[in-house]
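Engineer:
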Amino acid sequence: DAMVIQNPRYQVTQFGKPVTLSCSQTLNHNVMYWYQQKSSQAPKLLFHYYDKDFNNEADTPDNFQSRRPNTSFCFLDIRSPGLGDAAMYLCATSTRLVQFFGPGTRLTVL
Amino acid sequence: AQSVTQPDIHITVSEGASLELRCNYSYGATPYLFWYVQSPGQGLQLLLKYFSGDTLVQGIKGFEAEFKRSQSSFNLRKPSVHWSDAAEYFCALLSMDSNYQLIWGAGTKLIIKP
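Chains A and B supply the protein sequences, listed in that same order.
According to this note's numbering, numbering within the first sequence proceeds without interruption in unit steps and concludes at 92.
According to this note's numbering, numbering within the second sequence proceeds without interruption in unit steps and concludes at 116.
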């Protein structure tokens, strides 16, 4: 089945220790998104790529970076995680009109 | 201003009862509207979408939604809920002005009473 895959599903890191979350897709969609979602809140868009064209939301902290080496893969790098970065991180892909989400990575910061 | 409002933070419904979750939007043009469902600890699953045409939209898992332009609403309904429907439900609007990004409602948590 065509899908959006996120690894790992659960990630524990220490305060200030860099972490990378990964997303892959078999849908061959040209748009990919990274969202942060905190408990009982709507997802908050961090970045999106249209093909390799990178778009950073204005209020995304500098601590967050992203890479998209090819159509299928996208990575979220958190350079120095703080306690406030503990959240669910969701990857999504789209053809522009409809977004399809992966299962998410739950990040815990100790 | 473009916005989506889900007025109910929580809704409690008995198993087997009917359900309606409310969603109101503000948008200057014809809206593209979505309902997503999120089970605890999971990603978001698309239930249904409205782009144009028939204002009553059928989705997965027995859900439907009705687009009412006069009321700026896109309410989600199900005639008989099951315990497995307990989840968070998000209404969203596609903003063509903001590079095709989704504008999200705050979500409604559905609790099912046995």
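Ideal Cβ placement from N, Cα and C applies to all residues, glycine included.
Under the three-state reduction of DSSP, which class applies to residue 11 of chain B: helix, strand or coil?
Structural biologist: In the second sequence, the residue the question calls residue 11 of chain B occupies position 9. Three-state DSSP puts residue 11 of chain B in coil, outside helix and strand.
Engineer: What residue ranges within the segment 22 to 53 of chain B form continuous alpha helix (DSSP H) runs of no fewer than 4 residues, ordered along the chain?
Structural biologist: Taking only runs of at least 4 residues, no alpha helix (DSSP H) segment lies wholly in the segment 22 to 53 of chain B.
Engineer: What separation, rounded to the nearest whole angstrom, lies between the Cα atoms of residue 32 of chain B and residue 76 of chain B?
Structural biologist: For the purposes of this step, residue 32 of chain B is taken as the residue at position 30 of the second sequence. For the purposes of this step, residue 76 of chain B is taken as the residue at position 74 of the second sequence. Near 13 Å, if we compare the C-alpha coordinates of residue 76 of chain B and residue 32 of chain B.
Engineer: With 7 Å as the limit, tell me which residues of the segment 27 to 40 of chain A have their beta carbon closer than that to any beta carbon of chain B; keep them in chain order.
Structural biologist: Answer set for the segment 27 to 40 of chain A: 27, 37.
Engineer: How close, in whole Å, do the beta carbons of residue 102 of chain B and residue 95 of chain B come, if the pair is a contact with beta carbons under 8 Å?
Structural biologist: By 1-based counting over the second sequence, the position of residue 102 of chain B is 100. By 1-based counting over the second sequence, the position of residue 95 of chain B is 93. Residue 102 of chain B to residue 95 of chain B, Cβ: 11 Å. No contact.
Engineer: DSSP beta-bridge partners for residue 49 of chain A?
Structural biologist: Along the first sequence, read from residue 1 onward, the residue named residue 49 of chain A stands at position 67. DSSP output for residue 49 of chain A lists A:57 as bridge partner(s).
Engineer: For a contact meaning CB atoms closer than 8 Å, what does residue 79 of chain A contact in chain B?
Structural biologist: Within the first sequence, numbered from 1, the residue matching residue 79 of chain A stands at position 97. By Cβ distance, chain B contributes 34, 53, 96, 102.
Engineer: What are the start and end residues of the beta strand (DSSP E) that includes residue 80 of chain A?
Structural biologist: For this step, residue 80 of chain A is matched to residue 98 along the first sequence. No beta strand (DSSP E) contains residue 80 of chain A, which DSSP labels as neither H nor E.
Engineer: In this structure, how does DSSP classify residue 88 of chain A when only helix, strand and coil are distinguished?
Structural biologist: The count along the first sequence starts at 1 and reaches residue 88 of chain A at position 106. It is a strand residue.
Engineer: How is the beta strand (DSSP E) around residue 77 of chain B delimited, first residue to last?
Structural biologist: By one-based count along the second sequence, residue 77 of chain B stands at place 75. Residues 75 to 80.
Engineer: Just the Cα atoms here: how many angstroms apart are residue 51 of chain B and residue 68 of chain A?
Structural biologist: Counting from one through the second sequence, the residue named residue 51 of chain B turns up at place 49. Counting from one through the first sequence, the residue named residue 68 of chain A turns up at place 86. Approximately 31 Å between the Cα atoms of the pair.
Engineer: Assign residue 65 of chain A to one of three DSSP states: helix, strand, or coil.
Structural biologist: In the first sequence, the residue the question calls residue 65 of chain A occupies position 83. DSSP places residue 65 of chain A in helix when its eight states are reduced to three.
Engineer: Given that a residue counts as buried once 16 or more other Cβ atoms are within 10 Å of its Cβ, and exposed if not, what is residue 69 of chain B?
Structural biologist: Residue mapping note: residue 69 of chain B aligns to position 67 of the second sequence, counting from 1. Flag for residue 69 of chain B reads buried.
Engineer: I want to see whether chain A comes within less than 9 Å of residue 65 of chain B, judged by CB atoms only; does it?
Structural biologist: Here residue 65 of chain B is taken as the residue at index 63 of the second sequence, counted from 1. False, the Cβ-Cβ gap to chain A never drops below 9 Å.
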